[in-house]
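Taking it in order: structure first as structure tokens, then the write-up.
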Amino acid sequence: MPLPLEGIRVCDLTQFWAGPFATQYLANLGAEVIKIEPAGRGDRQRTSAVPRPNAGEWVAIFNGTNVNKHGCTLDITTPEGKALLRHLISISDVVAMNMSARAVKKLGLEYDYVRSVNPTVVMLSMTGFGATGPWQEYVGFGPQFEQASGITYISGYPDLEPMGNPAMGDPIGGTFGAIAIMMALSHRRRTGQGQFIDLATTEGMSFINPYALLDYTMNGRIMERNANKHRLWSPHGAFPCKGHDEWVAIAVQSDAQFAALCACIGRPELAAAPRFADALSRWENEAALREPIAHWSRRHTNQEAAALLQQAGVPSGATVTHATVIDDPQLKHRDFFWWIDRPINEGKHPYYGFPAQLSKTPVTARKIPPTLGEDNAYVYGDLLSLASAKMADLDRRGVIAKTVP
2 MPLPLEGIRV CDLTQFWAGP FATQYLANLG AEVIKIEPAG RGDRQRTSAV PRPNAGEWVA
62 IFNGTNVNKH GCTLDITTPE GKALLRHLIS ISDVVAMNMS ARAVKKLGLE YDYVRSVNPT
122 VVMLSMTGFG ATGPWQEYVG FGPQFEQASG ITYISGYPDL EPMGNPAMGD PIGGTFGAIA
182 IMMALSHRRR TGQGQFIDLA TTEGMSFINP YALLDYTMNG RIMERNANKH RLWSPHGAFP
242 CKGHDEWVAI AVQSDAQFAA LCACIGRPEL AAAPRFADAL SRWENEAALR EPIAHWSRRH
302 TNQEAAALLQ QAGVPSGATV THATVIDDPQ LKHRDFFWWI DRPINEGKHP YYGFPAQLSK
362 TPVTARKIPP TLGEDNAYVY GDLLSLASAK MADLDRRGVI AKTVP
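Each residue of the sequence shown is one higher than the one before, starting from 2 at the first, in our numbering.
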């Protein structure tokens with residue numbers, strides 16, 4: 002059965018993490034994504050590699066966001082490169098880019114130009130702060146967008162500086178980018194109209210944190226850093242387990258769950274203590290609960306502790322590293338990992354698969370991440386009908402070169 006986006010072609014000019022994350026969704030769902038990398042250099046994400054032979058092909062974040070895509074190289078700053086890009090745009094359904102507004106203008110790739118080439122195209126512009134407004138030309142990466150959204154301020158411990166997240170602005174912005182593209186494609190299917198998508202990553206980060214804003218505007222409270230302590234539930238946090246740096250996370254929401262926790266750790270009398278009688282009392286006296294829970298958790302591995310708590314009806318989970326998540330029995334059961342054999346990476350490696358199982362149109366790894374310029378022959382020969390001699394000439398002069406001539 003055809004995949005949901007089969008028949009859709011995407012001209013993908015994105016780099017780094019956020020943009021490729023967006024187009025990865027589309028590729029996984031069946032779209033033909035043509036990833037265009039700068040000739041002779043490639044996606045700038047490739048430069049984050051540890052020095053080694055073919056270093057740019059060993060960048061995990063690049064490989065992980067470019068499964069199921071075709072890859073070509075193109076210098077779009079040259080007249081011939083711009084002409085080839087124009088041809089690709091004319092035969093595509095979607096154009097995606099995450100350049101700054103300044104770079105888009107310099108390259109002449111504003112929506113008016115793209116629409117003049119292909120009137121029904123859907124164009125995604127991903128920037129940190131949007132394509133309009135006083136900050137439209139500001140540049141940055143995920144951590145800067147998190148700071149601007151207010152999320153970083155409430156992350157961390159009360160007596161320490163705000164704690165940054167691992168550039169979560171990028172995948173969150175990418176997810177909203179994919180959703181917006183599919184919304185625009187649905188609109189086009191009904192009306193025949195293309196449209197421009199102006200996505201500000203900072204707004205995506207703000208969108209997932211509505212309670213801090215509303216708590217301030219409704220109640221006059223500025224949310225502060227509170228470590229792992231929840232603002233309503235208690236006990237809530239990570240507790241040490243047997244072994245080095247092993248932890249179990251516990252989140253008690255109700256009186257019944259608290260009673261179950263107390264029974265599980267062998268301290269049923271705590272559930273009857275007046276200072277832990279209800280959610281507010283537990284929240285106010287949470288510090289007194291940490292040691293009894295930790296005394297129990299230290300006698301178990303984090304997996305054992307999580308299993309015992311779950312069996313008792315207490316929300317919990319072991320904190321794991323990526324060295325152990327690959328052996329997670331639940332993820333194995335669901336075939337979440339795609340074991341991809343990319344020859345240049347010397348054997349099979351596990352990639353995260355698609356986080357939703359579609360019963361009629363299952364998502365699989367159909368194509369390995371492209372090496373730099375791997376699909377030049379397909380893109381320029383099969384799609385754009387260039388002769389072999391012409392492609393060789395363009396390669397020699399650096400227009401579609403894989404390496405610097």
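C-beta atoms are modelled at their ideal positions from N, C-alpha and C, and glycine is treated no differently.
All values derive from a computational prediction rather than experimental measurement.
- Between the beta-carbon of Gly-31 and that of Leu-6 there is about 4 angstroms, and that keeps the pair under the 8 angstroms contact cut.
- If only uninterrupted beta strand (DSSP E) runs of at least 3 residues are considered, those enclosed by the segment 83–164 are 95–98, 123–128.
- Between Leu-281 and the set His-334, Glu-247, Trp-248, Pro-236, the nearest pair of CA atoms involves Pro-236.
- A check of alpha carbon separations from Ser-150 across Ala-84, Ser-207, His-231, Leu-387 identifies Ser-207 as the nearest.
- In the structure shown, Thr-365 adopts coil according to DSSP, grouped into three states.
- The DSSP assignment places 202–208, 211–220, 256–265 as complete runs of the alpha helix (DSSP H) inside the segment 192–268, in order along the chain (cut-off: 4 residues).
- Beta-bridge pairing by DSSP links Glu-285 to no other residue.
- Out of Trp-234, Asn-286, Ala-132, the CA that lies nearest to the CA of Ala-102 is found in Ala-132.
- Boundaries around Val-326 are those of the alpha helix (DSSP H), 323–326, since no beta strand (DSSP E) includes it.
- Counting of Cβ neighbours within 10 angstroms places Ile-37 among the buried residues, the total reaching 16 or more.
- Excluding the 5 residues flanking it on each side, Lys-368 has same chain C-beta neighbours closer than 6 angstroms at Asn-69, in chain order.
- Looking only at Ala-308, Ile-198, Met-184, the smallest Cα-Cα distance to Thr-192 is reached by Met-184.
- Taken through DSSP and simplified to helix, strand or coil, Pro-275 comes out as helix.
- With a threshold of 16 other beta carbon atoms within 10 Å, Tyr-353 falls short and is exposed.
- By the criterion of at least three beta-carbon pairs nearer than 8 angstroms, the segment 152–159 is in contact with the segment 221–234.
- By a beta-carbon distance limit of 8 angstroms, Gly-165 does not contact Met-127. Their separation comes to about 20 angstroms.
- DSSP links Pro-351 through a beta bridge to Trp-340.
- For the set Ile-209, Lys-83, Ile-182, the Cα lying nearest the Cα of Ile-152 is the one of Ile-209.
- In this structure, Ala-97 is the residue among Leu-85, Ala-61, Pro-21, Ala-97 with its C-alpha nearest to the C-alpha of Cys-12.
- Around the beta carbon of Pro-344, a 10 Å sphere encloses fewer than 16 other beta carbons of the protein chains shown; the residue is thus reported as exposed.
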